[in-house]
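Chains A and B are the protein sequences, given in the same order.
Mapping of the first sequence onto the UniProt record's numbering: position 441 corresponds to residue 441, and the numbering continues sequentially without gaps.
Mapping of the second sequence onto the UniProt record's numbering: position 25 corresponds to residue 25, and the numbering continues sequentially without gaps.
Glycine included, every Cβ here is placed at the ideal spot set by N, Cα and C.
To start, the structure under review is shown below, and the notes come after it.
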Amino acid sequence: MLGLYEEALVQYDELDALFSQFVLNSNVAESPKWLETFRQPITCWQAVRLTSLVPQNLRELIIKKKASLLDFRSYLFQRQSAMLLLTFKPWEIASRCLTTVHNTLVELSLLNAHAVEGAAACWAHLACAETLRACERISSTNSALEACTNMNAPLLHNAKDKLHELGKLCGLLPCSSEPTSEQLHLVVMLSAGMGDSEPNNQQSSTDRLKEALCSKKSFQQYYLELAELAMGTYKHIGRLRFARTIGRDLAAFYSELGETSKAVVFLMDALRSYEEQGWKDLAAQTRLELIAAAKKMNDVDRYAKLSARIASTAELEILVRNFYFEEMLKTIKEDLAEKQESVLTELSDCFKLVSAELLPSERDVYITDNKVQCRLVIDSHMPKDVLCTRAAISVEMFQDKQTEKRTPVKNYKTDLTVNVGTQANSPRKSVDTTESESNTLITSIRLDDLKPKNPLLNPMNITSKLHYKEDKTLQKATVECQNPKLPLRRTDSTKYRKPSATVRNNYETCFECKTFTIHPGLNTVVVEYIAQKCGTFKLGQVSLLIEGKLEFLSNALIAGKMGYEVETQAISVYLNKVEPKKDLVSGLEHDMELVVTSGSSRIEDNATILLKTSTGLNIRFAKDQCPMSREIAIPIQAIEPFQTTKIPLRLFASLQPKREKSIELHTVWLTCPWWETITEVPLHFSPPMIASWRLLTSNTRKFIHVTLKSSVAHFIQFILTEPKLECDGNNTVSDLNPKNSGDMIVASDSTTASLMWELLKDPLVKAGPMKATFTVQYRPVKEDISRTFSCPFDIQDYTTLFVIRTKLEPGKGSDFCRASQVCCLQLNVQRVNETEHTSLMYEVLADQTMWAVLGRTAGVITMETSTAEGQCVSLDVMPLGAGYLPLPAVRLSKYIARDTSARDTSAHPRLEPFSPGQVYHAGKAKQVHVLAPAPKEHLDITV
Amino acid sequence: MAVCVAVIGKDNSPLYIGGIGNDTSTDNELSRQWLVHTALDALEERLSTTNTSNTNSSANTARTDLRDLYLGLLYSTDTHKIYGYVTNTRIKLVLVTSSTSPSGSNIRDAEVRTALRRLHALYADAICNPFHLPGDQITSQKFDKQVKSLMLNNV
């Protein structure tokens, strides 16, 4: 009346709270007498009228103390609403409405006021509906409407619930049979209690409710309208969970109505949201509702799938699970039996793939026509044992290999010499490593390891810090947690997204295991596959076929990149040494063997391998004493896969008469029927021993010194007999060797043999070039057959032409050579044979630590005639130290003067050396005794 | 006083749901779970509004720090009242009281606040277990016992 609406509202609120408290207390303590009024039976449940007018009839009832609880509450709510209407706060009405309704219902039960069943629901529904209408009517502005909408959704929800309650009471739900007479009576009672609607042209909510209670059809219409509106409003304000709850109610209603497909839509939506957020109990409950719907719809596929899923749900009671487990088996046997295709479903529903591991094959690699096995560990959530008809993993080609894997290196891995062997090995290793790098396939996987690490488990980066003030005193000590901004990563949303339609991969090539039982809990299954093609393969989809019709598929392995490589192991033929550590030595027979390994395929009978050798290399079978030949055909017996046959052979490389140490290269060509190309096997032979010779001169006599040594890498001894040196022409040699030289031994541990011959010739006759051949019979210590080793050599310019003699004489006036005193070196060059080289140059090559040559060290002399005395040159030399000093060496060379006829100005005189045997230096090893520089009485020359 | 208590993780998945009370056709474990589940909607709504109000009034950041973890009554039904509480790490604690039972109807806001605070302390104790992985369901029997007694003590 004063227009102080807010103050008035406070007063009404006070009254409301006080009343509520009294009622609540009445339950525990003694209640005041006046409260008894409100315990009287309720006969009227008229809708609240939300106007600003004072409801006079209700006020009078209260004054007369005849008001029931509902009357009183209605009055209070109407007054409160009136205040709010006058202050234009319609949303406040809406928010208060629900509280009032809830409080009133509680108070009703506390006060035990008698009322017709459903009366309270009627009143509550009407209160909600009226509030909604009032809000609609009043909220003119957008913001007010917005505020109202937020509040409206729960009101609609409550109105819908109450209507459902009424419908249940009056037998109006679609599932119930025709209303009984009691129920019809109740409808009449309730309608009467609602009273008449206010005289208004609009259809009031009271009328609407009355109409709804009249027939099933109108009830259904009103209910669906309210529910849809409530759901829509909830969605609008973002309360999706509430919306889904109403969706479930709707689903229940629709399935009662017989429109199961509509129900399924709501249920699936709800189920997905529960699954996503981990509400397993709710999801399980929703599944139970879904399966009921599937049963109604006679959707056997879905029924079977859901039965399996429910049977595997740990949250449900075991009885329920067992029931659906039996249902699943029954459905498979009865309903799915006629179907061609199996019913596909997600593996993770009922099983958990724990790990998968490719078992290593007996050999290192997987070979065609052999088993590749994979061990799967599966956790079954089923309550009982279940028969798995087939477990399979599909196989996908990872890398296509055009050519068969047959590396040429592997084919003739012939460890013939130590050197070649290592060379042959190294490229093979590198090939292997590159292969393993290119294929980053893994062979074993634990699916739990694939999950991203829980970021909450990372250790925190906590440091302690001391903070100081400016005067270096401690201000504070802190513990700091550095919170590095972690890069925001997209969480894998596939976790939530259910793979929509499980697609079955191609199982034409697959790992398989037929008919076994899966027990509850962990199971290990080994699936296997006979590899048929070469290449790299990847594991794909996992499939478990249960009872022949229900197929569980999982794509969990695909991301893991598990795979394996299949190779064909070709037939390999090696030519091997029997004693691999020893070198091949030419001139000796060697045991060899031809090793044929069948690889992954079988070798048929009547196969022959043809061996051809290069010149100088002969071969024969080791067993029979047939002659050696350069071509041999070896028949191979039929052998099973992965078997090896060895054919012993003997090999002989003839010795080439060569002087220098060189390894001989021979080749064996293998022609095999299963290869198109001819395989080449290189063989390296080293000579048994090497001969070297030297020509030795003593004045005009000539000697030949032959040294024999062995250069074979492994230890070997040869016994030498009958050494011979044969010369061509009329040259003869005289053997200076001991006659029992048959015991001479040459061994590869640097034991050498030396032999000496003198060349017999007229010293004064100039001889031409001469060819000599050294031969010796050798045999290895353990063998009997001796073979001939020969070594040819040419001897040229061996005749002695000049003899040099040197003599040291003391200087003038002294008798002895003394250090640091000039002495005279007498040089005598004598020509002993015919020669065209008459112009000679001598050079005194004195050791500069011992001799100092005064004046010229070199000079040119001419030897025109052969005189007994020869040319004499004397040089001044000075010994630098005392003792026995070797005389300075003298070198004689051919002096070819500058060709004066030639125009070429650049032509210089040049020197050419003599051959070693042509100049004999008689004083080469001479020493002279030089006395100390102190003056001595006598001079001594020692020659 | 309480008939159901739930601890809900950051990602809205339940970490613990404990309920007491006799199971009747309308009032059972499952129905309480629906209540808790739908309460999340109201709870999130409440959180988003507090957040926006805080960002709007960025001046008084002190209020953000002192933000009450207790969110009060989330919503109510005919039979139940649902209260919410959010820890600073976005763990949601939900408490459901029954308004039909004499003790539940007469409950005061302050009591619920204390109960939820105690529940928060119990939760903190439970996850201090070094063998508990954050984000996993709480299976501790001790926690269960303590929560049950918390619910009963206030009856």
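DSSP three-state assignment for residue i, whether helix, strand or coil
i	result
Tyr920(A)	strand
Pro14(B)	strand
Val781(A)	coil
Lys401(A)	Note that Lys401(A) scores a pLDDT of 47, beneath 50, so its modelled location is shaky and nothing firm can be said.
Leu150(B)	helix
Tyr798(A)	coil
Val112(B)	helix
Tyr507(A)	coil
Gly135(B)	coil
Cys4(B)	strand
Gly535(A)	strand
Glu676(A)	coil
Ser438(A)	Because Ser438(A) carries a pLDDT of 44, less than 50, the predicted location of this residue cannot be relied on, and the following value inherits that uncertainty. Helix, per DSSP.
Cys481(A)	strand
Asn152(A)	helix
Pro933(A)	coil
Ala159(A)	helix
CB of residue i within 7 Å of CB of residue j, strictly
i	j	result
His157(A)	Pro41(A)	no
Tyr842(A)	Val877(A)	no
Ser95(A)	Met151(A)	yes
Ser598(A)	Gln637(A)	no
Trp674(A)	Ile571(A)	yes
Gln927(A)	Tyr884(A)	yes
Leu35(B)	Val86(B)	no
Tyr254(A)	Lys262(A)	yes
Leu522(A)	Asp349(A)	no
Phe703(A)	Tyr778(A)	no
Leu611(A)	Ile632(A)	yes
Trp91(A)	Ala147(A)	yes
Val525(A)	Ala391(A)	yes
Top-ranked residue by Cα proximity to residue i, from the options
i	options	result
Thr700(A)	Val919(A), Leu611(A), Ser586(A), Val668(A)	Val919(A)
Ser444(A)	Leu169(A), Ser464(A), Thr524(A), Gly563(A)	Gly563(A)
Glu51(A)	Val10(A), Arg137(A), Ala293(A)	Reading the sequence as shown, one finds Thr at residue 51(A) and not Glu. The option with the nearest alpha carbon to Thr51(A) is Arg137(A).
Cys534(A)	Ile310(A), Ala753(A), Thr368(A)	Thr368(A)
Asp71(A)	Cys672(A), Glu92(A), Thr100(A), Lys623(A)	Thr100(A)
Asp728(A)	Ala227(A), Gln796(A), Met397(A)	Gln796(A)
Asn461(A)	Cys481(A), Ala293(A), Asp471(A)	Cys481(A)
Ser143(A)	Lys702(A), Val265(A), Phe88(A)	Phe88(A)
Thr806(A)	Phe793(A), Gln826(A), Ser307(A)	Gln826(A)
Leu557(A)	Ile518(A), Gln821(A), Leu441(A)	Leu441(A)
Gly240(A)	Ala42(B), Phe143(B), Ile127(B), Ile107(B)	First, the residue type needs correcting, since residue 240(A) is Leu and not Gly in the sequence shown. Per the Cα distances, Ala42(B).
Leu708(A)	Ala633(A), Phe789(A), Glu680(A), Pro769(A)	Phe789(A)
Ile663(A)	Cys388(A), Leu544(A), Cys672(A), His684(A)	His684(A)
Ile393(A)	Arg910(A), Leu544(A), Ala292(A)	Leu544(A)
Ser893(A)	Gly870(A), Thr862(A), Ala922(A)	Thr862(A)
Glu565(A)	Ser839(A), Leu539(A), Ile678(A)	Leu539(A)
Nearest-angstrom beta carbon gap, residue j and residue i [assumed within contact, 8 Å]
i	j	result
Val7(B)	Leu69(B)	At roughly 14 Å, the Cβ-Cβ gap does not stay under 8 Å, so Val7(B) and Leu69(B) are not in contact.
Ala159(A)	Ala129(A)	5 Å
Glu809(A)	Cys823(A)	6 Å
Ile546(A)	Val386(A)	6 Å
Thr245(A)	Leu267(A)	Thr245(A) to Leu267(A), Cβ: 12 Å. No contact.
Leu9(A)	Leu84(A)	7 Å
Exercise for the section: Count the C-beta pairs between the segment 519 to 535 of chain A and the segment 322 to 332 of chain A that are closer than 8 Å, then say yes if the count reaches three, no if not. Expected result: Result no; under three Cβ-Cβ pairs closer than 8 Å.
Practice task
Indicate whether the contact test is met: 3 or more Cβ pairs, each with one atom in the segment 797 to 816 of chain A and one in the segment 916 to 933 of chain A, closer than 8 Å.
Solution key: Yes, since at least three Cβ pairs between the segment 797 to 816 of chain A and the segment 916 to 933 of chain A fall closer than 8 Å, the two stretches touch.
Handout entry: Inter-stretch contact at 8 Å, needing at least 3 Cβ pairs: the segment 278 to 286 of chain A / the segment 337 to 356 of chain A
Key = The segment 278 to 286 of chain A and the segment 337 to 356 of chain A do not touch, with fewer than 3 CB-CB distances between them shorter than 8 Å.
Practice task
Flag this pair as touching only if the segment 584 to 594 of chain A and the segment 644 to 652 of chain A have three or more C-beta atom pairs under 8 Å; answer yes or no.
Solution key: With the cut-off at 8 Å, the segment 584 to 594 of chain A and the segment 644 to 652 of chain A touch.
Practice task
Evaluate the contact criterion for the segment 111 to 122 of chain B versus the segment 927 to 934 of chain A: three or more CB pairs, one atom per stretch, below 8 Å.
Solution key: The answer is no - the segment 927 to 934 of chain A does not touch the segment 111 to 122 of chain B, with fewer than three Cβ pairs under 8 Å.
Handout entry: Three CB pairs or more closer than 8 Å across the segment 9 to 16 of chain B and the segment 136 to 153 of chain B
Key = Yes, the segment 9 to 16 of chain B is in contact with the segment 136 to 153 of chain B.
Handout entry: Three-pair Cβ contact test at 8 Å for the segment 159 to 171 of chain A versus the segment 216 to 225 of chain A
Key = Yes, the segment 159 to 171 of chain A is in contact with the segment 216 to 225 of chain A.
Exercise for the section: Taking 8 Å as the threshold, find out whether the segment 572 to 581 of chain A comes into contact with the segment 368 to 377 of chain A through three or more Cβ pairs. Expected result: The segment 572 to 581 of chain A, when compared against the segment 368 to 377 of chain A, does not touch it at the 8 Å Cβ threshold.
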